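Inspection log for the structure reproduced underneath, given as structure tokens.
Numbering (the working numbering), first residue to last: 8 to 185.
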């Protein structure tokens with residue numbers, strides 16, 4: 008997606024692309040027509056003169072409509088949530104900040120067959136996956152209930168939550184493995 012607006016006699020824009028695409032690569036191909044540009048793989052910004060805007064707009068539309076998004080792989084450590092202590096997770100968090108180029112550690116929990124899908128939240132749009140005393144949280148999981156229920160396992164990441172002054176770990180589902 009590209010958004011652009013007139014600013015100080017020129018045009019400034021921003022570009023956002025899905026995981027597996029390359030925003031900097033798109034702008035790099037247009038660099039001869041841009042006054043300035045920069046960013047990272049998933050988000051970039053640019054400025055262009057009004058004289059070059061029609062060319063850049065056309066080339067951006069063509070690049071975005073023909074963009075090939077590469078399938079991304081997910082790396083996860085096979086580890087049950089109960090094996091991760093709050094102390095060890097705090098140590099792992101020292102590897103942050105996490106983001107582009109430094110993804111957070113992710114973990115995999117294989118299905119054992121006794122898991123239950125339970126509603127979470129007053130409106131029921133979230134799901135808890137009860138995996139024998141440990142619960143994984145699938146936010147907005149109701150939309151993907153069948154996929155979550157039929158998965159071979161789940162990729163999750165811990166996060167520290169503070170409830171009534173007490174720290175605890177929550178386990179948030181990022182992917183269902185099918």
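Where a beta carbon is used, it is the ideal one built from N, C-alpha and C, also for glycine.
Keep in mind that this is a model prediction, so the values were computed, not measured.
Endpoints, beta strand (DSSP E) assigned at residue i
i: residue 166; result: 160-170
i: residue 138; result: Element bounds for residue 138: n/a, residue is neither H nor E.
i: residue 146; result: No beta strand (DSSP E) contains residue 146, which DSSP labels as neither H nor E.
i: residue 181; result: 173-184
i: residue 126; result: 123-127
Span of the alpha helix (DSSP H) around residue i
i: residue 152; result: 152-157
Which of helix, strand or coil DSSP assigns to residue i
i: residue 17; result: strand
i: residue 8; result: coil
Beta-carbon gap between residue i and residue j smaller than 8 Å
i: residue 18; j: residue 54; result: yes
i: residue 50; j: residue 10; result: no
i: residue 179; j: residue 144; result: yes
i: residue 93; j: residue 174; result: yes
i: residue 63; j: residue 28; result: no
i: residue 5; j: residue 70; result: The question about residue 5 has no answer here: the residues shown for the chain are numbered 8 through 185.
i: residue 149; j: residue 172; result: no
i: residue 118; j: residue 158; result: yes
Any C-beta of chain C under 8 Å from that of residue i
i: residue 106; result: In the structure shown, chain C cannot be found, because there is only a single protein chain.
beta-carbon residue i near the ligand SAH non-hydrogen atom, thresh 7 Å
i: residue 98; result: Among the components modelled here there is no ligand, and therefore nothing to report on the ligand SAH.
(message) Report the start-end ranges of each alpha helix (DSSP H) in the region 24-108 that is 4 residues or longer and not cut off at the edges.
(response) Counting whole runs of 4 or more residues, the region 24-108 contains the alpha helix (DSSP H) stretches 30-36, 57-72, 93-100.
(message) Counting beta carbon pairs with one atom in the region 112-129 and one in the region 138-157, are three or more of them shorter than 8 Å?
(response) Counting Cβ pairs under 8 Å, three or more are found: they touch.
(message) Counting beta carbon pairs with one atom in the region 158-173 and one in the region 79-94, are three or more of them shorter than 8 Å?
(response) By the criterion of at least three beta-carbon pairs nearer than 8 Å, the region 79-94 is in contact with the region 158-173.
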